Amino acid sequence: MFVSASGVDIDEMGYAMSRLEIESELFDGSKVTNEAGSSTRSNKPLHNVDHEIAQLTNLRSGPHERLRQLMPGKQQLPVSPVKMLAGREGNYSGRGRFSSADRCHMLSRYLPVNGPWLVDQMTSRAYVSQFSADGSLFVAGFQGSDIRIYNVDRGWKVQKNILAKSLRWTVTDTSLSPDQRYLVYASMSPIVHIVNVGSATTESLSKITEIHEGLDFSAADDGGYPFGIFSVKFSTDGRELVAGSNDNSIYVYDLEANKLSLRIVAHTGNVGFRSYEWDYRWMDYPPQARDLKHPCDQSVATYKGHSVLRTLIRCYFSPEYSTGQKYIYTGSHDSCVYIYDVVTGAQVAVLKHHTSPVRDCSWHPYYPMLVSSSWDGDVVKWGFSGNGEAPAPMSNMRIRRRYYY
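UniProt numbering puts the first residue of the sequence shown at 1, with every later residue one more than the last.
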């Protein structure tokens, strides 16, 4: 797997592939046990990534040199929380407080592996699930046209339910504007819709009669062929949209001018012939090819364990504020969420609950909290509660397992 996993959306394949059997082991000195099926494991390091990436990651998430030193010439990692706190009180760093790297070293030990606790259950496949930049809102998109915005700070109450317009196949991506007033959503068409979602205190049902302004990403030189948009994001200043499509192009849309401003074509010629020995949209990956490396592979690291089949599976770096981007986490076709150590490649946690592919997941930007969404219609929350007990569950009822395809 590259640092960003990819795949292809395709028509529904009416069958279920077997779940991988993944061992449950110890993590951080304690074993996670609960009814919903969370599991963790620590593996031996698989590889070391590029030296520069390893150094940058360690700088962002490593403690002060004096704190990691056991004796002259000997260091120990990770540094215990007690020693970290004692070092802060003793002003070992000379700053009188934790540096951002010290903070990340503390917080990155506490992974969101407890749970899960139910956020929502729908009767259609979940394709998108993302926290807002400040973590106060959470957006989930479903194949049945529903896009729900949850207020995280108010007990995950549904703040707005949007019924997508002109939907083709499914909601492929969503994005909140930097001021969190607007939401854009995309599907397998060149039209992206933008909706006013109001303030954080507004609760409403965005009906089909409300304005869903359509933004046409078609270019004059695209030959008139329809295409689908897999990914769409606001720029940091909120003035532009950047989208990736299945016609091998990247598009930039100027919201102020209300027009397409740029199209970058990844391929300069037509693909005239394609030959496949297998197709991962509905076939399992051939075992004999699992350890083969492409002769032109230029990736700096590869992380193995999860599977990308039947649909696009998204993966991300863990938050910079709380972990220093020390981990990579991803959904998987085998219904699990995987967390990898960026530097060593070790598989540090596997979260098991879902009964269908986990297409998307999102780690809270500040707290040890992760939300996963799956084709089984479940949106669930994982967390680190310290004592293994449920941290203020959204519902008093445990999650009811459902099996349907």
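Each residue gets a CB set at the ideal place from its N, CA and C atoms; glycine is no exception.
Keep in mind it's a predicted model, so treat the numbers as computed, not measured.
Asked: Cβ-based neighbour list, Trp382, same chain, cut-off 6 Å, excluding 5 preceding and 5 following; Found: Pro112, Gly115, Pro116, Leu351 and Leu370
Asked: Any chain B beta carbon closer than 8 Å to Val152; Found: Going by chain labels, chain B is absent from the structure shown, which holds only one protein chain.
Asked: Environment of Cys315 [buried if 16+ CB atoms lie within 10 Å]; Found: buried
Asked: Proximity of Tyr327 and Gly135 at Cβ, strictly below 8 Å; Found: no
Asked: Rounded separation between Thr174 and Arg66 - CA only; Found: 45 Å
Asked: Limits of the unbroken alpha helix (DSSP H) element including residue 432; Found: An answer regarding residue 432 cannot be provided, because it is not within the stretch 1 to 405 covered by the chain.
Asked: Rounded separation between Asp341 and Ala257 - CA only; Found: 43 Å
Asked: Simplified DSSP assignment, three categories, for Val152; Found: helix
Asked: Distance CB(residue 409)-CB(Tyr329) smaller than 8 Å; Found: Absent from the structure is residue 409, since the part of the chain shown begins at 1 and ends at 405.
Asked: Backbone secondary structure at Pro112 - three-state DSSP; Found: coil
Asked: Helix, strand or coil at Arg68 according to DSSP, with G and I counted as helix; Found: helix
Asked: C-beta atoms of Thr311 and Gly228 nearer than 8 Å; Found: no
Asked: Cβ neighbours of Ala54 in the same chain (closer than 6 Å, five flanking residues each side left out); Found: Val343
Asked: Residue from Thr302, Lys259 and Ser177 whose Cα sits closest to the Cα of Arg290; Found: Thr302
Asked: Reference Val119; option with closest CA among Arg148, Ser132 and Phe98; Found: Arg148
Asked: Inter-residue Cα distance where the pair is Ser231 and Asn91; Found: 46 Å
Asked: Cα-Cα separation between Ser385 and Tyr110, rounded to whole angstroms; Found: 9 Å
Asked: First and last residue of the uninterrupted alpha helix (DSSP H) at Leu77; Found: Note, Leu77: premise wrong, no alpha helix (DSSP H); not H, not E.
Asked: Where Asn91 falls: helix, strand or coil (DSSP); Found: coil
Asked: Residue nearest to Lys157 in terms of C-alpha spacing, selected from Ala140, Ser356 and Thr170; Found: Ala140
Asked: Nearest to Thr57 (by Cα), restricted to the options Arg68, Ser307, Arg97 and His105; Found: His105
Asked: Coarse secondary structure for Asn258, derived from DSSP in three states; Found: coil
Asked: Those runs of the alpha helix (DSSP H) which lie wholly inside the segment 307-350 and span at least 4 residues; Found: 320-323
Asked: Range of the contiguous beta strand (DSSP E) that encloses Cys104; Found: Per DSSP, Cys104 belongs to no beta strand (DSSP E); it is in the alpha helix (DSSP H), Ser100 to Leu107.
Asked: Under 8 Å between C-beta atoms of Phe138 and Val152; Found: yes
Asked: Residues bridged to Glu240 (per DSSP); Found: Asp254
Asked: Closest residue to residue 413 among Gly198, Gln288, Met122 and His193 (Cα-Cα distance); Found: Any answer about residue 413 is impossible in this case: the structure gives the chain only from 1 up to 405.
Asked: Where His51 sits in the DSSP three-state scheme; Found: helix
Asked: Residue range of the beta strand (DSSP E) that includes Ser372; Found: Met369 to Ser374
Asked: Leu215 and Val192 closer than 8 Å at C-beta; Found: yes
Asked: Leu56 (DSSP reduced to helix, strand or coil); Found: helix
Asked: Cα-Cα separation, Gly305 to Ala101; Found: 29 Å
Asked: Separation of Glu213 from Lys207, as counted between CA atoms; Found: Reliability fails at Lys207, whose pLDDT of 46 lies under 50, so the model's placement of it is uncertain and no value is given.
Asked: Simplified DSSP assignment, three categories, for Val358; Found: strand
Asked: Buried/exposed call for Tyr285, threshold 16 Cβ in 10 Å; Found: exposed
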